[in-house]
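Residue numbers for the sequence shown follow this note's numbering, beginning at 178 and rising by one. Heads up, the beta-carbon is just placed ideally off N, CA and C, and yes, glycines get one too. Predicted model only: the values in this text are computed from it and were never measured.
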Amino acid sequence: MKNRKISKRRMIIGLIVATWLCITLFLLETIGIHSGWPAFLSLMFFTMSGAKTEKLKSIFIGATTGLLMAKILIVGVGILTSRGITAQPAVFIMVFVTVFLLVVLEDLSHTLFNSYSFGYFTVALVPAKQATFEWLIALYLGGAFFIGGVIMLSRYVSKKQASKAMNTEKVKA
178 MKNRKISKRR MIIGLIVATW LCITLFLLET IGIHSGWPAF LSLMFFTMSG AKTEKLKSIF
238 IGATTGLLMA KILIVGVGIL TSRGITAQPA VFIMVFVTVF LLVVLEDLSH TLFNSYSFGY
298 FTVALVPAKQ ATFEWLIALY LGGAFFIGGV IMLSRYVSKK QASKAMNTEK VKA
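Below you can see the structure in the form of structure tokens.
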């Protein structure tokens with residue numbers, strides 16, 4: 178087995194992400210937002226996309242679509258059950274309609290309907306109590322602050338390391 182070790186760069190990135198996550202949580206809590214998961218899920222999707230900033234639009238707009246589709250599902254179930262349809266068929270009908278729309282409408286707008294919207298839709302339906310408005314605030318305030326901070330701090334550290342490496346090379350020459 179090869180002797181592995183954690184790189185200095187990975188340690189710095191870990192410190193940046195963990196620290197910024199705690200700062201984001203603290204700031205969200207101070208404004209009364211207790212669900213930080215939409216912000217953190219945005220960072221996960223951002224890193225899965227290769228940390229490409231051009232993907233941020235699709236992540237945030239897709240996330241908004243997913244959260245709103247989850248709300249539509251919940252409201253739709255309420256409407257159907259108020260019209261005499263029992264709970265289980267009402268849930269199945271609304272799951273079918275919302276998932277169908279999420280999948281089919283991707284051909285019309287990949288920015289609105291994408292894997293990110295499906296991911297947020299799925300996670301938003303896990304809690305028993307819906308908090309769509311709070312989740313949207315957490316997504317935009319927390320997600321933008323969290324991802325923006327991680328990007329800026331990572332770029333700053335990378336520039337510092339590159340500058341340090343260039344200075345080391347000059348000394349050797």
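Residue from the options with nearest C-alpha to residue i
{"i": "Tyr293", "options": "Met221, Ile200, Thr207 and Asn180", "result": "Met221"}
{"i": "Gly227", "options": "Asn180, Ile328 and Ser286", "result": "Ile328"}
{"i": "Gly253", "options": "Leu244, Ala240, Thr241 and Ala267", "result": "Ala267"}
{"i": "Ala240", "options": "Leu192, Cys199, Trp197 and Phe295", "result": "Phe295"}
{"i": "Phe203", "options": "Thr345, Asn344, Lys336 and Gly319", "result": "Gly319"}
{"i": "Trp197", "options": "Gly326, Phe290, Lys336 and Asn344", "result": "Gly326"}
{"i": "Gly209", "options": "Phe310, Leu192, Thr345 and Ala342", "result": "Phe310"}
Where the alpha helix (DSSP H) through residue i begins and ends
{"i": "Thr224", "result": "Trp214 to Met225"}
{"i": "Arg186", "result": "Lys185 to Thr207"}
{"i": "Tyr317", "result": "Tyr317 -> no alpha helix (DSSP H), and no H or E assigned at all."}
{"i": "Ala228", "result": "Run containing Ala228: none; DSSP gives neither H nor E here."}
{"i": "Val303", "result": "Element bounds for Val303: n/a, residue is neither H nor E."}
Same chain, Cβ closer than 8 Å to residue i, neighbours up to 5 away in sequence not counted
{"i": "Leu233", "result": "Phe223 and Ile324"}
Proximity below 9 Å, CB of residue i to CB of residue j
{"i": "Ser340", "j": "Ile190", "result": "no"}
{"i": "Thr288", "j": "Met246", "result": "no"}
{"i": "Ser212", "j": "Ala321", "result": "no"}
{"i": "Leu250", "j": "Val272", "result": "yes"}
{"i": "Arg186", "j": "Gln338", "result": "yes"}
Inter-residue CB distance, residue i and residue j (contact presumed, cutoff 8 Å)
{"i": "Ser219", "j": "Leu316", "result": "6 Å"}
{"i": "Thr230", "j": "Ala216", "result": "About 17 Å separates the two Cβ atoms, so there is no contact after all."}
Other residues of its chain near residue i: CB distance less than 7 Å, five sequence neighbours each side excluded
{"i": "Ile270", "result": "Leu257"}
Proximal residues to residue i (C-beta, below 6 Å), its chain only, five neighbours per side dropped
{"i": "Val334", "result": "Ile189"}
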